[in-house]
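All remarks here apply to the structure that follows.
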Amino acid sequence: MPVENDWLCVEIECRKHSQLTSERLWEFLAEWDVLGINESEAEGATSWKIYLPAQTSRENFHTAFQEWLTQTGLDPQSVTVGFGLVPRENWNEKWKQFFVPVHVPPDYVICPPWAADTNGFRGKVSLIIEPGMAFGTGTHATTQLCLTMLRTVFKAGMTVLDVGTGSGILCIACAKLGAKWCLGVDNDPLIAENAALNLRLNGISSEQVSIAVAELSAFRVHPFDLVLCNMLPQHLLPLVPTIKQFLSLHSFTVVTGFLEAERREIEEALSAHGLRVAARDCLGEWGGCIVHLV
Ligand SMILES: C[S@@+](CC[C@H](N)C(=O)[O-])C[C@H]1O[C@@H](n2cnc3c(N)ncnc32)[C@H](O)[C@@H]1O
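For the sequence shown, the working numbering begins at -15 and goes up steadily by one.
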């Protein structure tokens, strides 16, 4: 019987000929509350340990995973899936083994609090993030792509709206780069504690960054200089008319969270709302674009 403090560990092992990669696996995992992931390779075969809240249904996970493998043209026979419970006492130590500092272009270093090294971060934009219930530990390609892309348009003194803020990582980056004020909005109450902790860990005040658990439509409309949207297309697209209300002719919007394979569909949808693509980039299979009002 799972107790609140246990974690469900899903072990996925690939046979040698499997086409499953970490990036592809993240496509599937984007819908799950992943608390941590550990990848290892032995004799040319890759395996992952994925940690989820203990109450996650093994049956639902297994069925959804098999369906996703088939839909994406991957052979379900090339992968084995096992489940186990990890007591939290062990987890606390395991956790630390696989969250190591990550360098993201042009000059970010993202790390958990226990690996924060003030001397080693000189000249870097350090983002100290406690891995928790909120998406945005910095290990995901979509977060990294958004961090990199925003630098091409960011200027100190900007106001920033981060739609789907998760851990608050994008707001923290903008605050450290000299934003005037950032508002991070997310409709998942689970992010609140983690985002607040991350602001404290980075020495950022609530005057610099406000985090709100709410729907974007709840806010008084006024333009932001920069809007960041790292969200899955099914969450982003219904929000575009609302997001547009927060843009002026001088605003830039960085959109990530979609696959390169979905780029055409996403850009057409943005264009139908009067948003023109000014720049494009990608990281692995994940795509990003910067748009502005026309
Ligand atoms: C992919 S995560 C991005 C987290 C973080 N900004 C990052 O870049 O790592 C997307 C976030 O959008 C949030 N979200 C989804 N639909 C939303 C909506 N309608 N309004 C606000 N937030 C939403 C989710 O709860 C999730 O935290």
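Cβ coordinates follow ideal geometry from the N, Cα and C atoms, glycine included.
query = In chain order, what residues of the same chain lie with their CB nearer than 6 angstroms to the CB of Cys266, ignoring the 5 residues before and after it?
reply = In the sequence shown, counting from the first residue as 1, residue 266 sits at position 282. The beta carbon of Cys266 sits closer than 6 angstroms to the beta carbons of Glu244 from its chain, once the five residues preceding and following it are set aside; these are given in chain order.
Ala196 (DSSP reduced to helix, strand or coil) = Position 212 of the sequence shown, counting from 1, holds the residue named residue 196. Here Ala196 sits in strand by DSSP.
task = Please check the pair Leu185 and Glu246, which I expect to be a contact at CB under 8 angstroms, by giving their CB distance rounded to whole angstroms.
result = Numbered from 1 along the sequence shown, position 201 holds the residue referred to as residue 185. Numbered from 1 along the sequence shown, position 262 holds the residue referred to as residue 246. With a beta-carbon spacing of about 34 angstroms, Leu185 and Glu246 fall beyond the 8 angstroms limit used to define contacts.
message = Please tell me whether, using a cut-off of 7 angstroms, the distance from the CB of Met142 to the nearest non-hydrogen atom of ligand 1 is below it.
response = Here residue 142 refers to the residue found at position 158 of the sequence shown. The answer is no for Met142.
query = Would the C-beta of Asn44 count as close to ligand 1, meaning under 7 angstroms from any of its heavy atoms?
reply = By 1-based counting over the sequence shown, the position of residue 44 is 60. Checking every heavy atom of ligand 1 against the Cβ of Asn44, none is found closer than 7 angstroms.
The region 148 to 162 in contact with the region 204 to 223 per 3-pair CB rule at 8 angstroms = Touching, per the Cβ criterion.
ask   = So the alpha helix (DSSP H) Leu185 belongs to, where does it begin and stop?
value = Stepping through the sequence shown from its first residue, residue 185 is reached at position 201. Unbroken alpha helix (DSSP H) run through Leu185: Ile175 to Leu185.
query = Where does Pro96 land, buried or exposed, given buried means 16+ other C-beta within 10 angstroms?
reply = Mapped onto the sequence shown, residue 96 falls at position 112. Result: buried.
ask   = DSSP puts Asn281 in a beta bridge; with which residues?
value = Residue coverage of the chain in this structure runs from -15 to 278, which leaves residue 281 outside it and unanswerable.
ask   = Does ligand 1 have a heavy atom nearer than 7 angstroms to the CB of Val224?
value = The residue given as residue 224 occupies position 240 in the sequence shown. No; taking the cut-off as 7 angstroms, the Cβ of Val224 has no heavy atom of ligand 1 nearer than that.
key: Nearest neighbour of Glu191, chosen from Gly168, Cys213 and Arg204 [CA to CA]   = For the purposes of this step, residue 191 is identified with residue 207 of the sequence shown, where counting begins at 1. Glu191 has its Cα closest to that of Gly168, out of Gly168, Cys213 and Arg204.
ask   = Measuring from the CB of Phe105, is there a heavy atom of ligand 1 at a distance below 7 angstroms?
value = Locating residue 105 in the sequence shown gives position 121, counting from the first residue. Every heavy atom of ligand 1 is 7 angstroms or more from the Cβ of Phe105, so no.
Stretch pair the region 201 to 217 + the region 171 to 181: three plus CB contacts closer than 8 angstroms = Taking 8 angstroms as the limit for Cβ pairs, the verdict is that the region 171 to 181 does not touch the region 201 to 217.
request  = Measure the C-alpha to C-alpha separation of Thr102 and Leu4 and round it to an integer number of angstroms.
outcome  = Position 118 of the sequence shown, counted from the start, is the residue given in the question as residue 102. Position 20 of the sequence shown, counted from the start, is the residue given in the question as residue 4. Distance from the CA of Thr102 to the CA of Leu4, rounded to the nearest whole angstrom, comes to 37 angstroms.
ask   = For Thr127, does the three-state DSSP call read helix, strand or coil?
value = Residue mapping note: residue 127 aligns to position 143 of the sequence shown, counting from 1. Of the three classes helix, strand and coil, the one that applies to Thr127 here is helix, per DSSP.
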